[in-house]
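Residue numbers (the working numbering): 75 to 389. A short write-up of the structure that comes next.
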Ligand SMILES: [Ca+2]
Ligand SMILES: [Ca+2]
Ligand SMILES: [Ca+2]
Ligand SMILES: [Ca+2]
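Below is the structure:
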């Protein structure tokens, strides 16, 4: 008898333990889901929160929603209506909802909202990076150099498009232009710094430079050779030119019996005069120097003019 009572007690105890275990297994806190829309935007940012919750036992009796920005939490019993909140300050905020069931068990969820300042201030708009590629970088005056900015990039930052809206160029000689590509010809020699400035859609700027070495273009030596008459003074006129400057000196060699010595020219000046005392073909040389010291020479034959036919005496 005692034995069976003990057995019964053991069985009962076992049932209680099993039942308690089952009840404990159903005593889960409610599942909560918090959704924010939008999750990013420019301040002031209106965000709509929706809460959904499932109670595993009983029902949800209330909720509390902390917006994470120090403002007063929202609370209530109606989970079906969305909750609106305006974030005025920039930053990243973690909103947290707590839902409570009728057994006082709490379910939680969070949603993260990122608020960026208007106008891109505050470091959230990274400035663009300018990339300059000019070719050729060594050239003559009046030859085109092409500069390309297409390697420039803009990192957009949060929610911002990565757009470079303006490319502006300063070629260092007073020539300014815009566009992703720019072409320029320098009118004078020198070492020039080309500056590219890129501007993104938020007004942030980046710049880069390149150095262009422009060489002087030498002059072109030319003169007219009208022919000469023995024992008559003949005028020789230089038609030389310098495309990127001016000609500063003209030296002539007329006497082809003693070679050419530019330290001792036979004449100087744009226009020169010489009298040949012997006929035949003579070699005339002209040496011109531009304002940058570049030199060009030319030589060619001048021929004796045929003797003019004597005018018959008028009767
Ligand atoms: Ca940017
Ligand atoms: Ca020059
Ligand atoms: Ca020149
Ligand atoms: Ca000579």
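Cβ coordinates follow ideal geometry from the N, Cα and C atoms, glycine included. Only a predicted model underlies this, so the values are computations on that prediction, with no experimental measurement involved.
Next item on the list: Helix, strand or coil for residue 222, going by three-state DSSP, please let me know.
Entry: strand
Check: For residue 103, is the beta carbon positioned less than 8 Å from some heavy atom of ligand 1?
Finding: no
Next item on the list: Would you mind working out which of 369, 370, 363 and 331 sits nearest residue 357, comparing C-alpha positions?
Entry: 331
Note to self: Which residue wins for smallest C-alpha separation from residue 109, given the options 139, 347, 325 and 150?
What the structure shows: It is 139.
Check: So, residue 317 versus residue 251, is the Cβ gap smaller than 9 Å?
Finding: Not closer than 9 Å, so no.
Notebook entry, point to check: Which residues in the same chain have their Cβ closer than 6 Å to the Cβ of residue 372, if we skip the five residues on either side of it in sequence?
Noted result: Correct list, in chain order: 295 and 360.
Note to self: Following a CB-centred definition, is residue 51 positioned closer than 8 Å to any heavy atom of ligand 1?
What the structure shows: A query on residue 51 cannot be resolved here, the shown segment of the chain reaching from 75 to 389 and no further.
Margin query: For ligand 4, is there any heavy atom lying closer than 8 Å to the beta carbon of residue 354?
Written below: no
Note to self: For residue 379, which residues in the same chain have their Cβ closer than 7 Å to its Cβ, ignoring the five residues on either side in sequence?
What the structure shows: The beta carbon of residue 379 sits closer than 7 Å to the beta carbons of 301, 302 and 303 from its chain, once the five residues preceding and following it are set aside; these are given in chain order.
Margin query: Just to be sure I understand the criterion: a residue counts if its Cβ is closer than 6 Å to at least one heavy atom of ligand 2. Which residues meet that?
Written below: For ligand 2, the selected residues are 262, 263, 290, 318, 319, 365 and 366.
Check: On the premise that residue 267 lies in contact with residue 281, defined as a C-beta separation below 8 Å, what is that separation, rounded to the nearest angstrom?
Finding: Between residue 267 and residue 281 the Cβ distance is about 11 Å, and since that is not below 8 Å, they are no contact.
Check: residue 223 and residue 206: beta carbons closer than 9 Å?
Finding: yes
Notebook entry, point to check: For residue 186, which residues from the same chain have a beta carbon less than 8 Å from its beta carbon, with the 5 sequence-adjacent residues on both sides left out?
Noted result: Cβ-Cβ distances below 8 Å link residue 186 to 110, 113, 166, 167, 168 and 169 in the same chain, with the five nearest sequence neighbours on each side left out; the list follows chain order.
Checklist line | Residue from 256, 253, 130 and 333 with nearest C-alpha to residue 173 | finding: 130
Note to self: Here's the rule: buried if 16 or more other CB atoms are within 10 angstroms of the residue's CB, otherwise exposed. What is residue 229?
What the structure shows: exposed
Note to self: Given a cut-off of 9 Å on the beta-carbon distance, is the pair residue 363 and residue 323 in contact?
What the structure shows: yes
Check: residue 397: which of 269, 120 and 210 sits nearest, CA to CA?
Finding: Past the edges of the chain, shown from 75 to 389, lies residue 397, and the structure says nothing about it.
Next item on the list: Let me know if residue 226 comes out buried or exposed under the rule of 16 or more other beta-carbons within 10 Å of its beta-carbon.
Entry: buried
Margin query: Tell me which residues share the same chain as residue 261 and place their Cβ nearer than 8 Å to its Cβ, disregarding the 5 neighbours each side in the sequence.
Written below: 215, 216, 247 and 318
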